[in-house]
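A short write-up of the structure that comes next.
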Amino acid sequence: MKNSSATTMAALVMLLLLLAPASKAAISCSDVLKDLRPCVGYLQNGSGNPPASCCAGASALASATTTTADKKTACNCIKTAANKINPNPQLAQGLPGNCGINLPFAVSPNVDCSKIS
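Read left to right, the sequence shown gives residues -25 to -1, 1 to 92 (mature numbering (1 follows the signal peptide of the UniProt record, and there is no 0)).
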């Protein structure tokens, strides 16, 4: 009987693993863009430190990207947006440091988001 219950338990665990959803990003591009919208003007033609609203959004984004899927989604959204707004490369690269946050990827249209873990 012990063997039968162990087999049943193993089968249930396997079934739960198979039914569990694949790791999906909880963050969406609309979330990413909403957080970074205050940064657009600064990234295009700003100088000095980014505005406080920009840093608040970047900080919110950094806090929201906790999983690899979230980080890759955010990276791809930022990459797509960067291609459209054509940010100043120095301002974009310096944004996380100037806001006192860490992002696991560069704010750049050239970043390889597939390498994020």
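The C-beta atom is built at its ideal place from N, Cα and C for all residues, glycine as well.
Only buried fits A67, as 16 or more other CB atoms lie within 10 angstroms of its CB. Contact between the segment 45 to 54 and the segment 67 to 87 is present: 3 or more CB-CB pairs across the two stretches fall below 8 Å. If you compare the alpha carbons of K90, C14 and N51 with that of I2, the shortest gap goes to N51.
With contacts defined as CB atoms closer than 8 Å, K54 and P13 fail to qualify as a contacting pair.
For G23, no alpha helix (DSSP H) encloses it, and the DSSP letter there is neither H nor E. Rounded to whole angstroms, N61 and S22 show a C-alpha spacing of 16 Å. For T40, the number of other beta carbons within 10 angstroms of its own is at least 16, and it is reported as buried. For N73, the secondary structure class from DSSP, reduced to helix, strand or coil, is helix.
In the DSSP annotation of this structure, I2 is not part of any alpha helix (DSSP H), being labelled neither H nor E.
At a Cβ-Cβ threshold of 8 Å, L8 and A56 count as neighbours. Separation of the CB atoms of A33 and L11 is rounded to 7 Å, and the pair is thereby assigned contact status at 8 Å.
Taking a 10 Å sphere around the C-beta of A27, we find fewer than 16 other C-beta atoms and assign the residue as exposed.
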